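Mind the numbering: the sequence shown is residues 16 to 887 in my numbering, read in order.
What follows is a set of notes on a single structure, which appears directly below.
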Amino acid sequence: MARQRNNSNAAGSSNKSNKSSNHSTPTENSGSSHSTKLSNSGSGSRASTTGSSTTSQIGNEKQKSRNHKKKATFNLSSKLILDKWKTLIGCVCLAVASYFGYLGYLETRVNTPFDNQKMVTRAGLDSPELYWGSYRPLNYFGLKTRDPHALVTGLMWYAPSNLGHGGKGIRHWCDMADNLDKYGWTHHDGRNFGIQEIHDLPFEIKTSFIKYTTGKQFGGDWTARISVKNTSKAWDRSISLIWYVALDERTNGRINYISDDKSPESGVYGETLGTGEFQLRFHPIKGKILHKSYLSTIAPSLSKLKETVFTHFRVFTDKKGQRYVGLPGEMISHNGNIALDPNFIAIQITAEVNFTLDISYQSISGFSLNKLVPKPLTGRDFTSSLQDHVLAFDKRFEDTFNLKVRGFSADEINFAKYAVSNMLGGIGYFYGASKVKSVHTSKAVPYWKSALYTAVPSRSFFPRGFLWDEGFHGLLLSSWDIDIELDIMSHWFDLLNIEGWIPREQILGVEAMAKVPEEFVIQHNLNANPPTFFLVLKKLLKHHKVELGENRRLDVLERLYPRLQAWFSWYNITQKGDEPGAYQWRGRDPNTESELNPKTLTSGLDDFPRASHPTNRERHIDIRCWIAFASGVMAELSTLLGKDDIKYYETASFLQNNKLLNNQHLSPYTGNYADWGLHTDSVVLKRPQLTQKNLQRVQQQHQPLEMVRIILKQPDYRYVDSNFGYVNIFPFLLEILDHDSIYLEKLMRNIRDSEMLWTKYGLRSLAKTSPLYQKRNTEHDPPYWRGAIWVNINYLALRALRHYGTIEGPYAAYAREIYTELRENLIENIFKEYRRTGYLWEQYDDITGQGKGCYPFTGWSSLIVLIMSEKY
């Protein structure tokens with residue numbers, strides 16, 4: 016249309032030009048008709064001459080008109096072509112800009128927070144009762160604030176005769192290589208106090224603390240006590256204790272050493288934004304101090320405190336001529352000519368044991384130093400207060416878990432207290448940013464900086480937050496303190512991004528980062544973890560609905576609900592399979608050459624056998640059951656909150672339909688539920704044959720070539736039913752099976768079969784009849800979920816047996832029978848191993864029942880307390 020309008024305008028312009036040249040009257044329509052009339056006239060020469068002249072003139076005018084039209088048309092065409100190119104270029108530029116803008120948008124989605132109201136509304140000093148705590152699970156003993164840039168305090172110790180090269184012998188971070196005979200909290204209420212025992216032969220060390228928040232500011236005051244006994248006079252009679260105060264890299268504040276020659280109660284004075292002014296003092300209560308020294312310096316990082324102490328050790332000679340190792344005092348660092356304030360002060364006290372030291376922390380903002388500050392609670396006052404806390408803890412413990420009423424012995428009850436206390440004492444407070452990656456980012460990018468208040472699986476080996484572990488932790492924590500659990504959930508769901516994804520492993524802060532191999536640091540945004548927080552919500556909705564009805568707790572659930580919706584939707588979209596109702600865990604490596612069966616870390620069951628050749632067509636039974644379970648919880652929660660969201664009821668009904676479940680996951684050959692995918696059992700690990708090229712590499716590395724997997728028979732699409740274990744019983748574990756299903760009976764019989772999952776110590780993770788039972792997944796990786804007994808899955812099994820045993824039907828009696836026997840087996844073995852070793856373990860051997868893996872594992876293994884109390 017634009018082009019047509021332009022031509023019409025050009026023609027009108029030409030006509031006007033002709034009319035002007037020929038003096039045409041208004042009645043003459045055009046120069047063309049006028050010319051015709053004159054040329055046909057036959058009147059005389061004048062007329063003829065005149066006509067000829069006129070005709071010639073008209074011809075010239077017509078030629079000019081034609082030239083003018085051609086020129087106008089050419090100019091118009093040029094202009095149109097130019098306009099078209101401009102439009103085209105503009106469109107291309109807009110498209111390119113839009114494309115790159117969209118790519119930029121996709122790149123930033125992975126580290127863009129969920130756009131909704133924050134979950135954590137009471138952070139820092141807004142929660143004074145939780146401000147200070149033992150929030151450093153990686154350390155044997157340390158206290159810090161729930162503050163992004165916290166004041167940090169902690170303990171190191173060593174026997175002078177055991178101090179070795181590089182700081183060997185100094186205890187600081189919980190480490191299995193220290194080979195301590197035992198350590199852990201015997202009492203801890205999660206809020207106000209804790210008592211811990213550490214057996215580091217020949218020493219028995221007891222650490223304890225009490226917080227005092229009533230009428231206090233900046234989170235209140237606290238006193239910590241360190242008591243040391245010697246269990247063998249044949250060994251060391253002295254110990255060196257180091258208590259330190261440190262500021263992290265961004266803490267806005269200052270600290271200084273206080274020296275008082277007339278009193279042993281020297282210490283640290285300081286001030287930070289989060290604590291105000293404070294003083295920390297040392298109070299020897301019992302025993303003889305041999306030497307005392309201190310270090311005031313700049314530590315490069317919180318992850319290098321032990322190294323900083325060791326590099327500053329000096330050998331001194333006391334007045335008696337005895338040589339000892341001590342710290343050199345002020346070690347001032349400079350930036351040019353400017354002296355830098357210290358960020359690390361360590362006080363070493365070497366004492367004869369038996370020895371007791373109290374350390375008092377007091378907020379002194381508003382007081383004159385050493386004048387109006389109240390006397391701290393130490394000595395007998397501390398002892399008396401600690402006894403009161405222990406009595407209150409014991410009463411609350413029995414009221415909560417009823418173990419005495421159930422007939423458990425005093426030793427068994429103390430074991431249960433240890434498990435609960437270590438779950439609570441293993442709660443940490445972390446701050447930092449994860450490293451994340453999506454398919455739209457060329458390299459890892461930082462997540463936003465955030466705080467995380469969470470329990471940890473193991474203080475020695477996994478001292479950080481794990482998504483699927485934390486749901487199991489919450490089952491125990493919510494039984495003890497609902498508000499602590501809701502606070503933990505709030506912190507986790509503040510890590511939800513705009514896509515609805517939460518990174519499954521949280522490595523926040525320099526100390527946490529120092530304990531993680533580089534290969535596990537980056538989190539990928541298509542990788543999931545089992546959504547176990549729905550287990551906690553189900554438990555709260557089932558057993559604690561009255562407590563949830565309080566306004567403040569309902570407010571938490573109201574804020575949580577849209578995040579749960581986004582989280583559920585993310586699973587439903589990113590982990591969906593190739594047909595309705597099918598799901599699969601993303602993140603498996605289809606190109607691995609070293610793994611016998613490619614791991615599925617995202618499932619939480621790591622090396623449990625799946626399809627041998629990962630593809631986008633495989634279907635995983637366990638995640639399908641997780642989504643079915645989660646949709647049911649979402650439906651219940653929506654009703655509680657008055658939302659009655661019908662889509663969750665419809666989804667739950669669809670996914671819990673046993674007929675559909677059987678169509679997609681029931682193997683017609685074995686009658687068992689199973690994964691489906693591209694699979695072969697004919698896979699082995701073998702050493703590659705040596706070639707000239709390989710030989711050169713072997714000679715350079717001085718070690719044989721790594722074993723690789725060899726496919727002996729090509730795979731085909733089929734049910735992965737030759738391996739049977741935890742994955743195959745998920746329809747039972749999450750109570751998806753109908754109570755009268757014939758497959759429920761078959762599944763329970765497989766559970767009870769000693770050649771399958773049954774042992775006298777608990778249910779093994781992979782049947783003895785499975786091809787990959789106890790097989791290494793790589794040359795270097797021992798079997799993990801290939802036979803060992805895991806407490807979290809056994810808890811789910813007992814929970815399911817309890818469920819099916821209470822519904823009258825054909826298999827209820829059998830479920831009750833298995834339940835009773837399995838519960839007794841688990842309790843007996845885990846308690847026996849605790850008495851033998853002093854620890855709860857990550858897993859238990861299916862042949863001997865002995866603890867395996869890392870220790871202490873007081874994460875989900877602490878669920879043994881709920882099993883003892885039958886709180887499912």
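Ideal placement from N, C-alpha and C gives every residue a C-beta, glycine not left out.
Bear in mind the structure is a predicted one, so any value in this text is a computation, not a measurement.
Of the residues Arg724, Asp637, Lys319, the one whose Cα lies closest to the Cα of Glu750 is Asp637.
For Leu656, the secondary structure class from DSSP, reduced to helix, strand or coil, is coil. In the structure shown, His818 falls within a helical segment according to DSSP collapsed to helix, strand and coil. The way I'd put it, the segment 634-650 does touch the segment 665-684; three or more beta-carbon pairs between them come closer than 8 Å. Under the three-state reduction of DSSP, Ile808 is assigned to helix.
If you look at Asn271, you'll find it in the beta strand (DSSP E) that goes 268-273. Ala643 carries a helical assignment under DSSP once its states are collapsed to helix, strand and coil. The segment 497-516 makes contact with the segment 464-479: 3 or more CB pairs, one atom from each, lie closer than 8 Å.
In the structure shown, Asn677 falls within a helical segment according to DSSP collapsed to helix, strand and coil. Straight-line measurement puts the Cα of His539 at about 12 Å from the Cα of Leu616.
In the DSSP assignment, Glu292 falls within the unbroken beta strand (DSSP E) covering 291-312.
The beta carbon of Asn566 sits closer than 7 Å to no other beta carbon from its chain once the five residues preceding and following it are set aside. Taking C-alpha positions only, Trp188 is separated from Gly181 by approximately 15 Å. Rounded to the nearest whole angstrom, the CA to CA distance from Ile442 to Pro546 is 20 Å. Residue environment: Tyr732 is assigned as exposed (fewer than 16 neighbouring CB atoms within 10 Å of its CB, all protein chains considered). For Glu212, no alpha helix (DSSP H) segment is defined; the enclosing uninterrupted segment is the beta strand (DSSP E) at 208-215. DSSP, read as helix, strand or coil, puts Asp373 in strand. Assignment of beta strand (DSSP E) within the segment 160-222, counting only whole runs of 3 or more residues, yields 166-173, 197-203, 208-215 in chain order.
When DSSP states are grouped into helix, strand and coil, Asn687 belongs to the coil group. In this structure, the CA atom of Leu620 is about 16 Å from the CA atom of Ser785.
Segment contact: the segment 348-361 against the segment 259-276, three or more CB-CB distances shorter than 8 Å; contact assigned. Taking a contact as a CB-CB distance under 8 Å, the pair Pro461 and Lys450 counts as one, their CB atoms being some 6 Å apart. If only uninterrupted beta strand (DSSP E) runs of at least 3 residues are considered, those enclosed by the segment 702-750 are 723-726, 731-735.
In the DSSP assignment, Thr793 falls outside any beta strand (DSSP E) and carries neither an H nor an E. The Cβ-Cβ distance between Gly777 and Asn844 falls below 8 Å. Secondary structure at Val880: helix, using DSSP grouped into helix, strand and coil.
Under the 10 Å beta carbon count, Lys159 is surrounded by 16 or more other beta carbons and is classified as buried. Leu501 and Gly592 have their alpha carbons spaced roughly 32 Å apart.
Here the segment 626-634 does not lie against the segment 644-660, with fewer than 3 beta-carbon pairs under 8 Å apart. Going by C-alpha positions, Ala782 is about 15 Å away from Lys761. Taking the Cα positions, Arg578 is about 17 Å away from Asp659.
For Arg702, the closest of Ala689, Met722, Gln716, Ile353 by C-alpha to C-alpha distance is Met722.
Distance from the CA atom of Pro595 to the CA atom of Asn677, rounded to whole angstroms, is 14 Å.
The alpha-carbon of Arg791 is positioned some 17 Å away from that of Asp604. Put simply, of Lys301, Phe218, Thr326, Asp414 the residue whose alpha carbon is nearest the alpha carbon of Pro315 is Thr326. Contact between the segment 428-443 and the segment 196-216 is present, with at least three C-beta pairs closer than 8 Å.
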